[in-house]
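Taking it in order: structure first as structure tokens, then the write-up.
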Amino acid sequence: MISFKGRHTPKSIVLQCVRWYCSYSLSYRNIEEMMQERGVIVDHSTLNRWVIHYAPKLETAFHKKKRKPGLINIDKSGANKAGIKSYNSKNGRRIKSRQCKYLNNVVEQDRRRIKRITRLMLDFKNFRSAQATLTGIELMAMIKNILGDTQLSS
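The opening residue of the sequence shown carries number 188 in this note's numbering; numbering runs sequentially from there.
As structure tokens, then:
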């Protein structure tokens, strides 16, 4: 469980701000203004610290609960086949692979979501903040995909 001990702001507000920043094309100042409209005073630099601190922790907690893949789409790379074969031999669970050029294109073009969200960000000042922010963006994308799959099946 992620600890919010010592924070002056409630857990729900911190998580809401991190989710908005990682899910939508909003700047820290946009979120600061949105929170002020809701009666919560939060500085944009505090939002930055929350994303850097909590996005990797949320991603780690999510991956502990996420199920392993049963099917992987790959291209004709020999390294992919060897990697899946090695994984299957080490673990008792078998992962099937499917070679389809067009299905793999969706995975290769996945960077578009990140470009859309990071357009408002001027630059990443250091590697740690870039890694934490991109981790959060990928986490929100995974959650949206899982929620979309469950909503379609129900």
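We put the CB at the ideal spot given by N, CA and C, even for glycine.
Annotation: GLU325 to GLN203 spans about 16 angstroms, alpha carbon to alpha carbon. Annotation: the segment 205-288 contains the following complete segments of the beta strand (DSSP E) (minimum length 3 residues), in chain order: 258-261, 283-286. In this structure ALA269 is exposed. Its beta-carbon is surrounded by fewer than 16 other beta-carbon atoms within 10 angstroms.
Across the set LYS198, ASN275, TYR208, ILE218, the C-alpha of TYR208 shows the shortest separation from the C-alpha of ALA328.
Here ILE333 carries a helix assignment [DSSP, helix/strand/coil]. Taking the Cβ atoms as the reference, ALA319 lies roughly 5 angstroms from ALA242, within the contact range of under 8 angstroms.
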